[in-house]
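In terms of UniProt numbering, the sequence shown has 218 at position 218, counting the first letter as 1, and numbering is strictly consecutive.
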Amino acid sequence: MEILFDEIPSLDLADFTAGSPSQKAAFVQKLGEAYQNIGFVAIKNHGLSQDLQDRLYSSIKDFFALPDEIKSKYEKPEIGFQRGYTGKGKEHAKGRNTGDLKEFYHVGQELSRIPDSDPIKSEYPPNIWPAELPEFQNDANEAYRTLESAGKSMLQAIALSLDLDENYFEDKVAHGNSILRQIHYFPITNPEEVPADAVRAAEHGDINLITLLMGASADGLQVLRKDGKWIPITALPDQLVVNVGDMLERLTNKKLKSTIHRVVNPPREKMNTSRYSIPFFMHPRSEMDLTCLESCIDTTHPKQFDDSTAGEFLEERLRELGLRK
């Protein structure tokens with residue numbers, strides 16, 4: 001049954017992680033409904049404290065306030081900007097050439113936490129930490145681990161909603177290629193000089209399995225409903241917004257929806273204000289097979305995607321975004 005939501009559904013992750021069997025089952029059912037229709041939910045009781053969010057936002061504001069010549073020391077185009085800083089306008093949405101009005105900083109798996117026996121360790125570049133912000137490393141790593149843990153719980157619920165084993169995703173996301181991205185949508189002091197089609201983040205789907213977004217600091221995030229209407233995403237301060245990415249849509253042969261979303265420019269009188277946001281892009285290991293699940297293919301839903309691994313799909317998309325040459 002098709003449902004058109006006017007706002008994204010709100011769920012309590014504690015119902016799933018600590019609830020009774022009936023609470024857990026209700027969570028799985030509501031999550032499946034939301035992800036088959038709008039692809040977004042807001043969750044509370046995700047484990048990320050307000051104190052940690054505040055500390056992390058405080059340090060990224062300090063970082064983005066540094067002069068460009070200092071920030072650019074932490075920019076590494078040779079690794080496809082997968083760690084450290086990415087300067088203004090370097091990334092654009094798939095199918096566009098105009099760069100988005102943002103700059104960002106990437107944190108990945110901390111290599112010291114991956115056993116030497118795991119071959120994945122050689123695939124990841126080490127994290128880059130700005131010397132100017134000594135507290136950033138601890139705060140970012142703690143947030144990374146907390147969001148990864150919440151993401152694993154969400155994937156357990158997703159697996160159950162697809163009639164898979166609850167731990168279907170466990171080995172696929174163990175030391176996966178997830179990224180914590182600190183974004184600064186910078187103030188636009190001269191709106192008339194910005195290209196007419198430049199926006200903070202053009203409409204796009206996320207590449208990964210799921211995205212967990214902590215408190216976007218200003219309005220602007222919108223999601224495209226199935227009937228073509230854009231609806232605003234608003235979350236309460238204690239909620240994370242969690243949405244389906246393209247890899248999960250691909251795995252489920254579009255049963256779960258990677259919904260197109262965007263960050264629109266503020267009204268002209270607010271163009272000179274900053275917006276910060278911190279998404280956690282949950283990626284599996286590169287060898288994960290994204291071949292459509294047999295259970296999601298039938299005569300009315302023929303297979304829509306060629307087989308590929310997560311690593312192959314990611315490389316193709318990074319080239320489309322202008323981050324890989």
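Here a beta-carbon is modelled for each residue, glycine too, at the ideal position from N, C-alpha and C.
Bear in mind that the values here come from a model prediction, so they are computed numbers and not experimental data.
Contacting residues, own chain, Cβ-Cβ under 8 Å from residue i (five flanking each side not counted)
i	result
Pro195	Thr98
Arg83	Lys76, His106, Val107, Gly108, Pro125, Pro126, Asn127, Ile128
Glu135	Arg55, Ser59
Glu110	Asn127, Asn141, Tyr144
Pro266	Ala218, Asp219, Gly220, Thr273, Arg275
Pro237	Gln50, Gly215
Collapsed DSSP secondary structure at residue i in the structure displayed
i	result
Leu31	helix
Ala159	helix
Met247	helix
Leu212	strand
Gly84	strand
residue 329	Residue 329 falls outside the range modelled here, since the chain spans only 1 to 325, and no answer is possible.
Tyr74	helix
Phe5	coil
Asp68	helix
Leu290	coil
residue 339	The question about residue 339 has no answer here: the residues shown for the chain are numbered 1 through 325.
Met154	helix
residue 343	With the chain covering only 1 through 325, there is no way to say anything about residue 343.
Gln109	coil
Ile297	coil
Lys24	helix
Gln137	helix
Gln50	helix
Ser149	helix
Arg268	helix
Ile193	Per the sequence shown, residue 193 should be read as Glu rather than Ile. Helix, per DSSP.
Arg96	coil
Boundaries of the beta strand (DSSP E) in which residue i is found, first to last residue
i	result
Leu224	221–224
Lys44	40–44
Leu180	179–185
Ile278	275–282
Ile188	Neither: Ile188 is in no beta strand (DSSP E) and is coded neither H nor E.
Glu203	201–204
His261	261–263
Ile231	230–232
Limits of the unbroken alpha helix (DSSP H) element including residue i
i	result
Arg319	310–320
Glu170	170–173
Opposing strand residues paired with residue i [DSSP bridges]
i	result
Asp12	Lys44
Ala143	Per DSSP, none; premise fails for Ala143.
Glu103	His184
Residues near residue i by beta carbon distance below 7 Å, same chain, minus five either side
i	result
Gln53	Met214, Gly215
Ser153	Leu13, Phe16, Thr17
His301	Asn253
Residues near residue i by beta carbon distance below 6 Å, same chain, minus five either side
i	result
Glu103	Gly87, Lys88, His184
Arg250	Leu290, Phe305
Met288	Lys172, Ala310
Below-7 Å beta-carbon distance, residue i vs any chain D residue
i	result
Lys226	Absent here is chain D; the protein component of the structure consists of one chain.
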